[in-house]
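**Q** Residue numbers (the UniProt record's numbering): 1 to 127.
Have a look at this one.
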């Protein structure tokens, strides 16, 4: 079963790479456009950030599994910092530290899930 999953993963890796870059472009567009995303409550904006970078972290693993975990986290956190920096120049947007915290939380949650998956795979291999 695991061998079949790995074969599918290898067969669809170009699709995961395309999906990663499309999601990255979408995140950059949504983060840098002049008008903010609709949010009734302040926590919704933080949720958008956390879920978006969590999903981007998972897809980055599917597309580029050989990246070091710290490099993956650093690059994706850099994307979040870049978005907040550009938002500081838009009159309708506000750069917020809470958004950076939410970005970090989403990335860390994704890295923990990836690390747990790697641990389980290594554990099954040694049985």
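Positions of the beta carbon are idealized from the N, C-alpha and C atoms, including for glycine.
Keeping to the same chain, check which residues put their C-beta closer than 7 Å to that of residue 66; ignore five residues upstream and five downstream.
**A** Here residue 66 refers to the residue found at position 66 when the chain shown is read from its first residue. If we look at residue 66 and ignore the five residues flanking it on each side, it has no Cβ neighbours.
**Q** In angstroms with no decimal places, state the Cα-to-Cα distance between residue 35 and residue 84.
**A** Reading the chain shown from its first residue, position 35 is the one you call residue 35. Reading the chain shown from its first residue, position 84 is the one you call residue 84. If I take the Cα positions, the gap works out to 13 Å.
**Q** When we look at the beta-carbon of residue 4 and count the other beta-carbons within 10 Å, is it buried (16 or more) or exposed?
**A** As a position in the chain shown, residue 4 is number 4, starting the count at 1. Per the 10 Å Cβ criterion, exposed.
**Q** Residues in the same chain with beta-carbon distance under 6 Å from residue 90, minus the five sequence neighbours each way, listed in chain order, please.
**A** On the chain shown, position 90 is the one that residue 90 refers to. For residue 90, where only same-chain residues beyond five positions count, the Cβ hits under 6 Å are 34.
**Q** Let me know the secondary structure DSSP gives residue 37 once reduced to three states.
**A** Within the chain shown, residue 37 is the residue found at index 37, counting from 1. In this structure, residue 37 counts as coil in the three-state DSSP scheme.
**Q** Check whether the segment 13-20 touches the segment 66-79, taking contact to mean three or more Cβ pairs, one atom from each stretch, closer than 8 Å.
**A** no
**Q** Whole-angstrom Cβ separation of residue 54 and residue 106, contact assumed at under 8 Å?
**A** Against the chain shown, residue 54 aligns to sequence position 54. Against the chain shown, residue 106 aligns to sequence position 106. About 4 Å separates the two Cβ atoms, so the contact holds.
**Q** Could you work out which residue in 38, 57 and 48 is closest to residue 21 when comparing CA atoms only?
**A** As a position in the chain shown, residue 21 is number 21, starting the count at 1. Ranking the options by Cα distance to residue 21, first place goes to 57.
**Q** Let me confirm a value: residue 103 is counted as buried when at least 16 other C-beta atoms fall within 10 Å, else exposed. Which label applies?
**A** In the chain shown, the residue the question calls residue 103 occupies position 103. Residue environment for residue 103: buried (at least 16 other C-beta atoms within 10 angstroms of its C-beta).
**Q** Please determine, among 46, 29, 30 and 52, the residue with the shortest C-alpha to C-alpha distance to residue 96.
**A** Within the chain shown, residue 96 is the residue found at index 96, counting from 1. Nearest of 46, 29, 30 and 52 to residue 96, Cα basis: 46.
**Q** If you follow the alpha helix (DSSP H) that residue 21 is part of, which residue opens it and which one closes it?
**A** Position 21 of the chain shown, counted from the first residue, corresponds to residue 21. Its alpha helix (DSSP H) spans residues 13-32.
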